[in-house]
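In the working numbering, the protein residues as written are 306 to 744. Some notes on the structure that comes next.
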Ligand code: HEC
Ligand code: HEC
Ligand code: HEC
């Protein structure tokens, strides 16, 4: 029997194949943009000695978080980091200057084309590499990045990027179609009516910072949905919440200072970053200057989002609220506080924490089932731990406790269902994951 998902993916593959031809035609014109200083030298034959440029390149690398995806256990930038997608697992490339297995053979133009246009050594890259955002990065930033990469040690480590992708999604040609449908191959265009600070913020958010890679929803083919930009997206078993100025689900109640605090330290005093955002803060945003973080916050605060009226909170007499309230008191209140106040900068507060109200409850269910490690940054060196409750609480108990937290202390959000928790328990497949980690 062909289920709905297979049909959708099959239909999607056909649509992509159809778009391939058109994509190829347009592709031919797309490389003209890069302004390259020197296009004959290969990365492995060149070591920049311009200390200021290398330093700028390292800063750009931090903002773009290249290390997050290109560093696995094989050492810095040697690739092999696995990213799960609905179409199979993709691995990141070795981007050290090794000639055989890395990008040692690249010229500066090749480098620009890979990072900004998604054209790699073996053909078109998959958008798991966020060239769709990096396309907004400036020539200056790319030149600096190139200088920085020239100083890296070559590491021999062969990666077969697409080995874990399912047919037909292991065909690079398909990406010509994907690019034609979804790749907005445009350099950053400043808005003259806005302040330089706002424009800098937009440049960082939409370009190097690739915040949309996690915070924007995607369609069935993994393409962006422009009108829902930054209104919340899925990353594995996590939900990256709405970071527009939406007052109920987004950053509407947060000040610019609180957003800067979160990106710099991992906490604004109430929310404490965990999961993929903890990694993004540790590797990337904590290294940015205060001016750049402010610019990011100012830009995010200017985005209207698509606000919906807040729902009414469930009545305290509701059976789920009663049951959940008892469970909360026994299992959660010691850390998260009897009034959901948490512990400032250490344990997530629930009262007034928008991430707790999201329409998608994946972060909530996965964190309660599997536990989490909070962010640790230069400011807060030891992150606290959230224990796993999968062995202790039933799906129904977890659902009611979360429903209670989402509808107490001024919060209001739809109830969490037993089915949502059961689905996440299955998706996490905890015993198998624990086996994998002790190997
Ligand atoms: C979100 C994860 C992610 C981030 C962040 C990321 N990459 Fe990648 N990158 C990938 C993946 C996955 C691939 C392999 C894609 C493919 O083979 O289709 C890749 C491929 C590449 C390639 C192509 C290598 C080749 O063999 O041709 C280059 C070059 C590259 N990345 C450079 C960078 C740089 C520079 C940065 C930072 C500015 C960066 N990447 C940030 C995931 C990422
Ligand atoms: C790798 C995925 C990923 C990337 C890239 C990413 N985020 Fe996040 N972000 C998340 C997740 C997941 C959360 C929820 C964390 C939690 O609940 O603890 C989050 C939470 C946040 C929050 C807190 C929202 C709230 O309501 O508490 C802010 C603000 C934020 N991110 C801003 C950014 C900005 C700005 C960027 C780009 C510079 C960015 N993020 C890039 C995944 C990501
Ligand atoms: C031993 C202390 C402790 C207990 C008990 C505890 N938590 Fe936590 N919890 C934490 C810490 C610390 C964090 C922050 C870590 C992080 O963000 O990864 C956290 C984070 C969370 C988050 C993630 C919020 C987000 O968006 O990042 C949720 C949801 C959560 N806890 C729910 C619960 C529930 C429900 C209970 C009771 C069943 C509970 N916790 C019991 C310490 C605890």
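Here a beta-carbon is modelled for each residue, glycine too, at the ideal position from N, C-alpha and C.
Checklist entry - Is residue 586 near residue 573, with beta carbons less than 8 Å apart? => result No, Cβ-Cβ distance for residue 586 and residue 573 is not below 8 Å.
Item to check | Backbone CA spacing between residue 656 and residue 345 [nearest angstrom] | outcome: Straight-line spacing of the CA atoms in residue 656 and residue 345 works out to 58 Å.
Item to check | Beta-carbon gap between residue 358 and residue 449 smaller than 8 Å | outcome: Their beta carbons are under 8 Å apart, which means residue 358 touches residue 449 by this criterion.
Checklist entry - Should residue 396 go down as buried or exposed, given a rule of 16 or more other Cβ atoms within 10 Å for buried? => result Buried: at least 16 other Cβ atoms inside 10 Å.
Item to check | Backbone CA spacing between residue 730 and residue 441 [nearest angstrom] | outcome: Rounded to whole angstroms, the separation of the alpha carbons of residue 441 and residue 730 is 39 Å.
Item to check | residue 579 Cβ short of 7 Å to ligand 3 heavy atom set | outcome: Because some heavy atom of ligand 3 lies under 7 Å away, the Cβ of residue 579 counts as near it: yes.
Checklist entry - How many Å lie between residue 494 and residue 651 at the Cα? => result Taking the straight line joining both Cα atoms gives about 39 Å.
Checklist entry - Can you tell which of 430, 581 and 595 has the C-alpha that lies nearest to the C-alpha of residue 677? => result 581 is the residue among 430, 581 and 595 whose C-alpha sits nearest the C-alpha of residue 677.
Checklist entry - If you pair each beta-carbon of the stretch 618 to 637 with each one of the stretch 693 to 707, do three or more pairs fall below 8 Å? => result The stretch 618 to 637, when compared against the stretch 693 to 707, does touch it at the 8 Å Cβ threshold.
Checklist entry - Taking 7 Å as the cut-off, is the CB of residue 719 close to at least one heavy atom of ligand 3? => result Incorrect: residue 719 has no Cβ contact closer than 7 Å to ligand 3.
Checklist entry - Where do the N-terminal and C-terminal ends of the alpha helix (DSSP H) with residue 413 fall, by residue? => result Here the alpha helix (DSSP H) through residue 413 covers 413 to 422.
Checklist entry - Given 8 Å as the limit, is there contact between the stretch 379 to 393 and the stretch 606 to 624, that is, 3 or more CB pairs closer than that? => result The stretch 379 to 393, when compared against the stretch 606 to 624, does not touch it at the 8 Å Cβ threshold.
Checklist entry - In terms of residue numbering, what span does the beta strand (DSSP E) encompassing residue 370 cover? => result Careful: residue 370 lies outside any beta strand (DSSP E) and carries neither H nor E.
Item to check | Distance between residue 721 and residue 621 (C-alpha atoms, nearest Å) | outcome: Residue 621 and residue 721: Cα-Cα distance of roughly 15 Å.
Item to check | Sheet register partners of residue 698 (DSSP bridge) | outcome: Per DSSP, none; premise fails for residue 698.
Checklist entry - Under 8 Å between the Cβ atoms of residue 618 and residue 716? => result Between residue 618 and residue 716, the CB-CB gap stays under 8 Å.
Next on the checklist: Could you give the first and the last residue of the continuous alpha helix (DSSP H) run that contains residue 597?
Outcome noted: Here the alpha helix (DSSP H) through residue 597 covers 595 to 606.
Checklist entry - Rounded to a whole number of angstroms, what is the C-alpha to C-alpha distance between residue 686 and residue 696? => result Each residue's Cα considered, the two are about 29 Å apart.
Next on the checklist: For ligand 3, I want to know if residue 526 counts as a neighbour, meaning its beta carbon is within less than 7 Å of at least one of the ligand's heavy atoms.
Outcome noted: Because no heavy atom of ligand 3 lies under 7 Å away, the Cβ of residue 526 does not count as near it: no.
Checklist entry - Residue ranges of each alpha helix (DSSP H) run of no fewer than 4 residues wholly in the stretch 598 to 677, ordered along the chain? => result Given a length threshold of 4 residues, each whole run of the alpha helix (DSSP H) inside the stretch 598 to 677 is given here in chain order: 624 to 636, 638 to 641 and 667 to 675.
Next on the checklist: Please determine whether the Cβ atom of residue 674 lies at a distance below 7 Å from any heavy atom of ligand 3.
Outcome noted: Residue side-chain check: residue 674 keeps its Cβ at 7 Å or more from all non-hydrogen atoms of ligand 3.
Checklist entry - How big is the Cα-Cα spacing for residue 593 and residue 712? => result If I take the Cα positions, the gap works out to 36 Å.
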